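Visitor: Provided herewith is a single structure, encoded as structure tokens, for subsequent inquiry.
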Amino acid sequence: MGYFMARIFLFLYMIGVDVKKFRFRQHMKNEMAHYARDCWDAECRTSYGWVECVGCADRSCFDLTQHTKATGARLVAEKPLAAPKKVRKVQCVPNKGKIGKTYRAEAAGILTALSELGPEATAKLKTELETSGKSNLTVNGNQFEISADMVVVKEVEEIVHGELPLKPLIHLLLCVLLFISTLAFFVNLRMFSDRGRRTFLVYILLRKAYGL
Numbered sequence: 076m077g078y079f080m081a082r083i084f085l086f087l088y089m090i091g092v093d094v095k096k097f098r099f100r101q102h103m104k105n106e107m108a109h110y111a112r113d114c115w116d117a118e119c120r121t122s123y124g125w126v127e128c129v130g131c132a133d134r135s136c137f138d139l140t141q142h143t144k145a146t147g148a149r150l151v152a153e154k155p156l157a158a159p160k161k162v163r164k165v166q167c168v169p170n171k172g173k174i175g176k177t178y179r180a181e182a183a184g185i186l187t188a189l190s191e192l193g194p195e196a197t198a199k200l201k202t203e204l205e206t207s208g209k210s211n212l213t214v215n216g217n218q219f220e221i222s223a224d225m226v227v228v229k230e231v232e233e234i235v236h237g238e239l240p241l242k243p244l245i246h247l248l249l250c251v252l253l254f255i256s257t258l259a260f261f262v263n264l265r266m267f268s269d270r271g272r273r274t275f276l277v278y279i280l281l282r283k284a285y286g287l
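Printed below as a string of structure tokens:
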């Protein structure tokens, strides 16, 4: 994210943005899109206040993850390892019969949620089952109590021959009309007296070349 923010700043500076009227503003949690993990706006100050010119969002692996969930296919490229290695993982093995009898219509959603638990969530589930014999699982906004006889969490050792990394995505949104109008009318407008007959708008490149 920092790299792209630096590139945005350099680009806007080179086309004429006044650094004294420029800032990056980070989005609050309630301002971010559902797909974003982090988001920053490049803003220029005008007579209307601060105006967004460029948006920079860290989408993480949201897109590939959603496509994978919808299609059931792993949309990744395998990166072979120089030599196989042993990896210990925490695996969640549900008792489908017990869950089906207990929750019936909701069982399918619970089984799906259990299969999608990440390493941290699986480890937390194991700890809660060992200490209190039960744990709460949230599925589509509803909480379900999972007892120790509904799932077994165990450590397994696997031999891995390659890695399947998900590549994160940084999404840049350049509001072309906004930053052109901002540069033209609020940053680079210079008034020259030609005996009161004409007003000149300094062109961006001239501003850089002649220090106007």
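Take 76 as the starting number for the sequence shown in our numbering and just add one per residue.
Cβ atoms here follow ideal geometry from the backbone N, Cα and C, with glycine treated the same way.
Bear in mind the structure is a predicted one, so any value in this text is a computation, not a measurement.
Is the beta carbon of residue 157 within less than 7 Å of some heavy atom of the ligand MN?
Guide: Annotation note on the ligand MN: not contained in the displayed structure, which lists no ligands.
Visitor: Shortest alpha-carbon distance to residue 219 belongs to which of 178, 93, 117 and 85?
Guide: Residue mapping note: residue 219 aligns to position 144 of the sequence shown, counting from 1. For residue 219, the nearest C-alpha among the options comes from 178.
Visitor: Who are the Cβ neighbours of residue 234 in its own chain at under 7 Å, not counting the five residues just before and after it?
Guide: By one-based count along the sequence shown, residue 234 stands at place 159. Within its own chain, the residues whose Cβ lies closer than 7 Å to the Cβ of residue 234, once the five positions on either side in sequence are excluded, are 159 and 161, listed in chain order.
Visitor: Provide the residue span of the beta strand (DSSP E) that contains residue 247, from first to last.
Guide: Here residue 247 refers to the residue found at position 172 of the sequence shown. Its beta strand (DSSP E) spans residues 244 to 249.
Visitor: Give the DSSP-derived three-state secondary structure of residue 156 in the structure shown.
Guide: Taking the first residue of the sequence shown as 1, we reach residue 156 at position 81. The answer is strand: DSSP assigns residue 156 an E or B state.
Visitor: Give a yes or no on whether the C-beta atoms belonging to residue 223 and residue 200 are separated by under 8 Å.
Guide: Taking the sequence shown and counting its residues from 1, one reaches residue 223 at position 148. Taking the sequence shown and counting its residues from 1, one reaches residue 200 at position 125. Cβ distance not < 8 Å, so residue 223 and residue 200 don't count as in contact.
Visitor: If I measure Cβ to Cβ from residue 129 and keep anything under 8 Å in the same chain, skipping five residues before and after, which residues do I get?
Guide: Translated into positions along the sequence shown, residue 129 becomes position 54. Taken in chain order, the residues that qualify are 83, 87, 116, 117, 247, 248, 249, 250 and 254.
Visitor: Given residue 188, which residues of its chain have a CB within under 7 Å of its CB, disregarding the five upstream and five downstream residues?
Guide: For the purposes of this step, residue 188 is taken as residue 113 along the sequence shown, with counting starting at 1. Answer for residue 188: 212 and 214, listed in chain order.
Visitor: In the DSSP assignment, the beta strand (DSSP E) including residue 112 goes from what residue to what residue?
Guide: Taking the sequence shown and counting its residues from 1, one reaches residue 112 at position 37. Taken as a continuous stretch (DSSP letters only), residue 112 belongs to no beta strand (DSSP E), as it is neither H nor E.
Visitor: Going by beta carbon distance, what residues of the same chain come within less than 6 Å of residue 288, once the five residues before and after it are set aside?
Guide: Residue 288 falls outside the range modelled here, since the chain spans only 76 to 287, and no answer is possible.
Visitor: Sorted by chain position, which residues of the same chain lie with C-beta nearer than 6 Å to residue 208's C-beta, five sequence neighbours on each side aside?
Guide: For the purposes of this step, residue 208 is identified with residue 133 of the sequence shown, where counting begins at 1. Correct list, in chain order: 223.
Visitor: Given a cut-off of 8 Å, decide if residue 126 and residue 230 are closer than it, judged by their beta-carbon atoms.
Guide: Here residue 230 is taken as the residue at index 155 of the sequence shown, counted from 1. Here residue 126 is taken as the residue at index 51 of the sequence shown, counted from 1. Contact flag unset, no.
Visitor: Can you name, in chain order, every residue of its own chain whose Cβ lies under 8 Å from the Cβ of residue 94, other than the five neighbours on each side?
Guide: Taking the first residue of the sequence shown as position 1, residue 94 is located at position 19. Correct list, in chain order: 88.
Visitor: Can you tell me the Cα-Cα spacing of residue 96 and residue 142, whole angstroms?
Guide: To locate residue 96, count along the sequence shown from 1; it is residue 21. To locate residue 142, count along the sequence shown from 1; it is residue 67. So the two alpha carbons sit approximately 41 Å from each other.
Visitor: What are the start and end residues of the alpha helix (DSSP H) that includes residue 124?
Guide: Counting from 1 along the sequence shown, the entry for residue 124 is found at position 49. That residue, residue 124, is in no alpha helix (DSSP H); its beta strand (DSSP E) goes 124 to 135.
Visitor: Between which two residues does the beta strand (DSSP E) carrying residue 220 extend?
Guide: Residue numbering aside, residue 220 sits at position 145 when the sequence shown is read from its first letter. Note, residue 220: beta strand (DSSP E), 217 to 222.
Visitor: Three-state secondary structure (DSSP) at residue 281?
Guide: The sequence position of residue 281 within the sequence shown is 206, counting from 1. For residue 281, the pLDDT reaches just 44, beneath the cut-off of 50, and the residue's location in the model is therefore unreliable, although a value from the coordinates is still provided. Helix at residue 281.
Visitor: Using 10 angstroms around the beta-carbon of residue 137, count the other beta-carbons present and answer buried if the total reaches 16, otherwise exposed.
Guide: Here residue 137 refers to the residue found at position 62 when the sequence shown is read from its first residue. Result: buried.
Visitor: Check residue 185 in the structure and name its three-state DSSP category.
Guide: Position 110 of the sequence shown, counting from 1, holds the residue named residue 185. Here residue 185 sits in helix by DSSP.
Visitor: Using the beta-carbon count (16 or more within 10 Å), is residue 225 buried or exposed?
Guide: Mapped onto the sequence shown, residue 225 falls at position 150. It counts as buried.
Visitor: Cα-Cα, which of 145, 175 and 242 is closest to residue 191?
Guide: On the sequence shown, residue 191 is found 116 positions in, with the first residue counted as 1. Among 145, 175 and 242, the Cα nearest to that of residue 191 belongs to 145.
Visitor: In whole angstroms, give me the CA-to-CA distance for residue 124 and residue 77.
Guide: The sequence position of residue 124 within the sequence shown is 49, counting from 1. The sequence position of residue 77 within the sequence shown is 2, counting from 1. Rounded to whole angstroms, residue 124 to residue 77 spans 25 Å at the Cα level.
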